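The sequence shown begins at 1 in the UniProt record's numbering and counts up by one. Every residue, glycine too, gets a C-beta built ideally from N, C-alpha and C. If you're wondering where the values come from, they're calculated on a predicted model, not measured in any experiment.
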Amino acid sequence: MLPDQTEGQEVMPTNMQSQFDNILVAIVDTKTALQQVIGAVSVGLGLLRPEHQKMEERMQETERSLADIRPAQEAMMQQVAELIDRVLRLEHRAEDTEGSNIRNNIRVVGLPEGRGNDQSGNRHHETTQHRSGTDVGGSATDSEADRNDPENDGLPVISP
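In structure tokens:
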């Protein structure tokens with residue numbers, strides 16, 4: 001046996017021993033640094049945990065509110081669609097009515113403005129002269145006088 005060797009163990013050269021010692025010191029330093037980082041992260045997580053729980057509660061509350069609102073929102077969307085359809089139908093009806101009013105236009109002549117209505121709501125006036133200046137006596141009906149009017153455009157005339 002060699003003097004540096006003990007039974008069952010091999011002797012390592014001293015330069016290898018110092019390299020292993022350096023590696024062992026580096027491992028211990030890394031372990032200490034990692035433990036410090038883990039401690040700091042644990043403290044940070046401990047601080048974040050209550051905030052996370054608050055956010056979780058707020059999310060659940062929001063989801064419940066949305067679930068409560070959703071049926072009302074769907075009903076309102078249906079109502080809006082129905083109202084849009086109704087508005088379109090009413091616009092079409094108004095256009096048709098306007099078109100028929102233009103086609104069936106009538107001309108009302110001889111009703112003086114500023115006079116009162118009788119009990120039935122009909123407007124009336126007493127006259128003894130037609131607008132042409134001729135004395136017709138009594139109550140004139142504009143349709144009779146307009147038959148000979150050269151400005152008559154052929155539209156039906158409503159007389160009072």
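Cβ-based burial, residue i [other Cβ within 10 Å; buried from 16]
i	result
Q17	exposed
G110	buried
E56	exposed
Runs of alpha helix (DSSP H) wholly within the segment 15–59 (minimum 4 residues, chain order) | none
Entirely within the segment 74–119 and at least 4 residues each: give me those alpha helix (DSSP H) ranges in chain order.
-> none
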